[in-house]
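Asks:
2 protein chains.
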Amino acid sequence: MILTVTLNTALDITHRVPSLRPHASHRVSEVAERPGGKGINVARVLAALGHEVTVTGFAGGTTGRILRERLADVPGLVDALLPVEGTTRRTIAVVDETSGGTTQLNEPGPTVSPAEWSAFQEAYAALLPSASAVALCGSLPPGVPVGAYAGLLRTARAAGVPTLLDTSGAALRRGIAGRPDVLKPNADELAELTGSHEPSTATRDARRRGAGAVVASLGPDGLLALTPEGRWRATPPARLHGNPTGAGDSAVAGLLSGLVDSLPWPDRLTRAVALSAATVLSPVAGEFDRPAYEELRERVSVQREASAA
Amino acid sequence: MILTVTLNTALDITHRVPSLRPHASHRVSEVAERPGGKGINVARVLAALGHEVTVTGFAGGTTGRILRERLADVPGLVDALLPVEGTTRRTIAVVDETSGGTTQLNEPGPTVSPAEWSAFQEAYAALLPSASAVALCGSLPPGVPVGAYAGLLRTARAAGVPTLLDTSGAALRRGIAGRPDVLKPNADELAELTGSHEPSTATRDARRRGAGAVVASLGPDGLLALTPEGRWRATPPARLHGNPTGAGDSAVAGLLSGLVDSLPWPDRLTRAVALSAATVLSPVAGEFDRPAYEELRERVSVQREASAA
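Residue numbers (the numbering used here), protein chains in the order written: chain B, 1 to 309; chain Y, 1001 to 1309.
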C-alpha cells in the first residue's frame, strides 16, 4: 500500500455566498463538506486510481469523528488515523459567486501532546513495512516539533521506503534535512525555502539542501523536475480554466502512483500533470475529471532540459 | 417548565482572525463553538436563572448530533428536539480583531419534510400541557410553511399556555396572525413589519396586527413596551460597551422568567433589560455576567409613558 501522513487533518467546508462583504451577514447558498488535509486529498486520488492506500496522522473531537465517518465511505482507503484529545480543525472556504474569489479560514488544529506524538511515531514505524511509498503532507499541528518531518523521513529511509515531502514554511525548511526522495514544493514554497524566485536556480538549490529529486509545481506552467536521472519540464496542452483547489495534491498522487508503478520519470510527470489538470477541470473542487485525465495523459508535453546542475 | 421552540437550531461557531481580507487565506487565532438558534440561547439563560426549561425544534446530521451532545451538558435544560433527515446548519461569526467587526455566514438549515413537520406539531402539542409559557424563536428552516408560527400559537392558546414570538421577515408577518401574548421584535423587525421607523407608532401598529403586548428592543435605548396594562420605556443605567450578541435572546428570557413568576410588567421589563445589559457586558458572547445582572436589576429605569393607543 501507499501510506500518506496528514498530521493536521481537517474537515474542509465550502460555503458559497452571492457576494462576501466584511462586517455583513450572509446567507450561505450552498454548503459542501469533506475530509481534508493534503495527505487525505492525495490518498483519495490514489484510491480513485485503484491503489491501496492507508492514511495516518491525527483525528480528534467531533470534527475528527465526522472526518473518520466520511473516510469510511471512500473505497480502497484504509483509515489508520490516531485519536487525539484535541479537536481536528475545520477549514472554511468562502466562495464569492460574484467575483469567483475564495476567502479561506483555517482553524489551527488540535494541540498534540508529547505522548500522542510518541504514539504516532510508533504507529508510523509499524505501518512502514507494508508501505511501498510514503508521502508526508501539509502543515504541523501545534505541539508537533518543527523538525517532525526530518525524523519521519529518516525512519522511512531506515525501513527502505521511498518518501515524498510536501509541506511549507519552517516544516519544509527543517524537514528537508531528512533527505526526502522527492520534494514537491509549489513556486511560493520553493522561493520561501531558497530565496530564489527563478525556478531553475531554486530547484537546484532545494536539491542541494537534501532532496533526491525536486518536482516544483508552477501552476498553469506545469511541473519542473530536477531528478538524479535528469531535468524535465512537463506542461499541460493548453491554459486551463477551472478551480485549482487540490491540483497540487493530485500532482503528488500522480508522482506517487508513477513511483510505485516503477515508471520512468517522464511518465511519472505525465501522470502528475494530467491528474493535476483534470482536477482543475473538474466541476467539484479537489476531485479529478476521469475522462479528462485519460485524454490529457496523451497530450501532456514532457521536455528534457539541459541540466546545469 | 418553560418551553422554547427553535425550528432552525444551529451550531454557532466563532472564529477570531487578526484581520479579515476578502480573497485571502487566514489563520484563525481562536475558535469557539456552541449550540445556537434563538430559542436555544433563550433556554440557556432561563436554565442559568434556575428555571426548568425544555427545548424543542429540529436537529439532524452530524452538526445536530454535536449540538445535542453540547445541550446535554447544560444543567436544568431538557432536550426534546426532534430528529430530521437533513443536517442542522452552522453559523460562522468571523470576528476581525483589528476592526472589532463581525462577518456572519449562516448556512440555510435542513429541508424539513412534510412528515417531519407533522411529527413536530404532534410532539409540540404533547409538550404544551406541562408548559407554563412557550417561546417561538428565530427563522424557519426550508420546508416549514411560512405560516408555521401562527399555527403553533393557536395550538398554545387552545392549551391555555401564554406565548411569546420572536422572529423576523415573512415568518413574523404571517406569525402575528396567531395572536402571540407577547411579540418581541427589534427595531429593524418592527420597522419591516409595520413600515414605520418611529417605535411608538410601530409598536401600536404591531399590537393592532394581533399581538397582546409588544416589547420592542431598541438596542442601547432599552425596551419599549406596549401592553394591555400600559406603556413603559425601560432603559439601562448607562451606555454599555461590549458585545451585543445574544442581548435580544437574554431580553426574551427575562420577559419569560418574569411572566412565569407572575411579575407585574415593570418588573418583567427590569429583568429583561438587566439580563440584556449583563449579556452585552459579558466577556463571553451570548453569556450574561451574573454579578452585573444582580447589580443592574437595581439600576434599570422603568418609566410609564402616556399611552396614545
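All residues carry an ideal CB built from backbone N, CA and C; glycine is no exception.
Measure from the alpha carbon of B:Ala156 to the alpha carbon of each residue in B:Cys137, B:Ala125, B:Ile176, B:Glu116, then state which is nearest.
Replies: B:Ala125
Asks: Can you give me the C-alpha to C-alpha distance between B:Glu305 and B:Arg233, rounded to a whole angstrom?
Replies: Approximately 7 Å, taken between the alpha carbons.
Asks: Buried or exposed: Y:Arg1044, going by 16 or more other Cβ atoms within 10 Å of its Cβ?
Replies: buried
Asks: At least one CB of chain Y closer than 9 Å to the CB of B:Asn106: is that the case?
Replies: yes
Asks: Specify the secondary structure class of Y:Ala992 as computed by DSSP and reduced to three states.
Replies: Residue 992 of chain Y is absent from the model: chain Y starts at 1001 and stops at 1309.
Asks: In chain order, what residues of the same chain lie with their CB nearer than 6 Å to the CB of B:Val280, ignoring the 5 residues before and after it?
Replies: Result list for B:Val280: Leu240, Gly242, Pro244, Ala247, in chain order.
Asks: Please give me, in chain order, every unbroken run of the beta strand (DSSP E) with length at least 3 that falls completely inside the segment 206-240 of chain B.
Replies: 213-217, 223-227, 230-235
Asks: Is B:Asn106 near B:Thr91, with beta carbons less than 9 Å apart?
Replies: yes
Asks: Go through its chain and collect everything with a Cβ distance to Y:Ser1250's Cβ below 6 Å, but skip five positions before and after it.
Replies: Closer than 6 Å at the Cβ level, and outside the excluded window around Y:Ser1250, lie Val1045, Leu1275, Ser1276, Thr1279, Phe1288.
Asks: So the alpha helix (DSSP H) Y:Val1260 belongs to, where does it begin and stop?
Replies: In the DSSP assignment, Y:Val1260 falls within the unbroken alpha helix (DSSP H) covering 1247-1260.
Asks: Could you tell me the distance, in whole angstroms, from the CA atom of Y:Asp1310 to the CA atom of Y:Gly1050?
Replies: Given a span of 1001 to 1309 for chain Y in the structure shown, any question on residue 1310 of chain Y remains unanswerable.
Asks: Shorter than 9 Å from the beta carbon of Y:Leu1020 to some beta carbon of chain B?
Replies: yes
Asks: Note down, in chain order, every chain Y residue with its Cβ under 8 Å from the Cβ of B:Ala156.
Replies: Annotation: B:Ala156 has no Cβ neighbours in chain Y at a cutoff of 8 Å; minimum Cβ distance is about 29 Å.
Asks: Just list the beta strand (DSSP E) runs in the segment 152-196 of chain B, keeping only unbroken ones of 3 residues or longer that don't cross its boundaries, in chain order.
Replies: 163-166
Asks: Could you tell me which residues DSSP pairs with B:Val55 in its beta bridges?
Replies: B:Thr4, B:Asp79
Asks: Please report how far the alpha carbon of Y:Leu1003 lies from the alpha carbon of Y:Leu1226, in whole angstroms.
Replies: 24 Å
Asks: Just to confirm, is the Cβ distance from Y:Pro1162 to Y:Leu1223 under 9 Å?
Replies: no
Asks: Please determine, among Y:Glu1030, Y:Asn1008, Y:His1023, Y:Thr1006, the residue with the shortest C-alpha to C-alpha distance to Y:Val1315.
Replies: Here chain Y comprises residues numbered 1001 to 1309, so residue 1315 of chain Y is not present and cannot be evaluated.
Asks: Measure how close the beta-carbons of Y:Thr1054 and Y:Val1078 come, nearest whole angstrom, since I'm counting them as under 8 Å.
Replies: Indeed, because the Cβ distance is near 4 Å, the residues count as touching under 8 Å.
Asks: Could you give the C-beta distance for Y:Thr1103 and B:His23, rounded to a whole number, given that I count them as a contact under 8 Å?
Replies: 6 Å
Asks: Going by DSSP, name the residue or residues bridged to B:Ala93.
Replies: B:Thr14, B:Gln104
Asks: Which of the three DSSP states, helix, strand or coil, is assigned to Y:Glu1122?
Replies: helix
Asks: Going along the chain, which residues of its own chain have a beta-carbon closer than 6 Å to the beta-carbon of Y:Ala1032, five neighbours each way excluded?
Replies: Thr1014
Asks: Against chain Y, with Cβ distances strictly below 9 Å, would B:Gly230 count as a contact?
Replies: no
Asks: To the nearest angstrom, how far is the alpha carbon of B:Ala115 from that of Y:Gly1219?
Replies: CA-to-CA, the gap between B:Ala115 and Y:Gly1219 works out to about 50 Å.
Asks: Give the residues from the segment 17-50 of chain B that approach chain Y closer than 9 Å (Cβ to any Cβ), ordered along the chain.
Replies: Val17, Leu20, Arg21, Pro22, His23, Ala24, Ser25, His26, Arg27, Val28, Ser29, Glu30, Val31, Glu33
Asks: From this set, Y:Glu1189, Y:Glu1069, Y:Ala1123, which residue's C-alpha is nearest Y:Val1005's C-alpha?
Replies: Closest option to Y:Val1005, Cα to Cα, is Y:Ala1123.
Asks: Leaving out five residues on either side along the sequence, give the residues of the same chain with a beta carbon under 7 Å from the beta carbon of Y:Pro1129.
Replies: Ala1159
Asks: Are any of the Cβ atoms in chain B nearer than 9 Å to that of Y:Ser1099?
Replies: The beta-carbon of Y:Ser1099 is placed less than 9 Å from the nearest beta-carbon of chain B.
Asks: Less than 9 Å between the C-beta atoms of B:Ala182 and B:Pro236, yes or no?
Replies: Residue identity differs from the one stated: residue 182 of chain B is Val in this sequence, not Ala. Cβ atoms of B:Val182 and B:Pro236: not closer than 9 Å.
Asks: Kindly say whether Y:His1241, judged by its beta-carbon, lies nearer than 9 Å to any beta-carbon of chain B.
Replies: no
Asks: So, is the C-beta of Y:Ala1309 closer than 9 Å to a C-beta in chain B?
Replies: Low confidence applies here, because Y:Ala1309 scores a pLDDT of 46, under 50, leaving its location unreliable and the question unanswered by this model.
Asks: Excluding the five sequence neighbours on either side, which residues of its own chain have a C-beta within less than 7 Å of the C-beta of Y:Gly1039, listed in chain order?
Replies: Thr1004, Val1005, Thr1006, Val1055, Gly1057, Ala1135, Cys1137, Gly1138
Asks: What does DSSP give as the partner residue(s) for Y:Leu1067 in the beta ladder?
Replies: For Y:Leu1067, which the question treats as bridged, DSSP gives no partner whatsoever.
Asks: Chain Y beta carbons: is any one of them nearer than 9 Å to that of B:Arg68?
Replies: No, B:Arg68 lies away from the interface with chain Y (no Cβ there is under 9 Å from its Cβ).
Asks: Secondary structure at Y:Glu1030, three-state DSSP: helix, strand or coil?
Replies: strand
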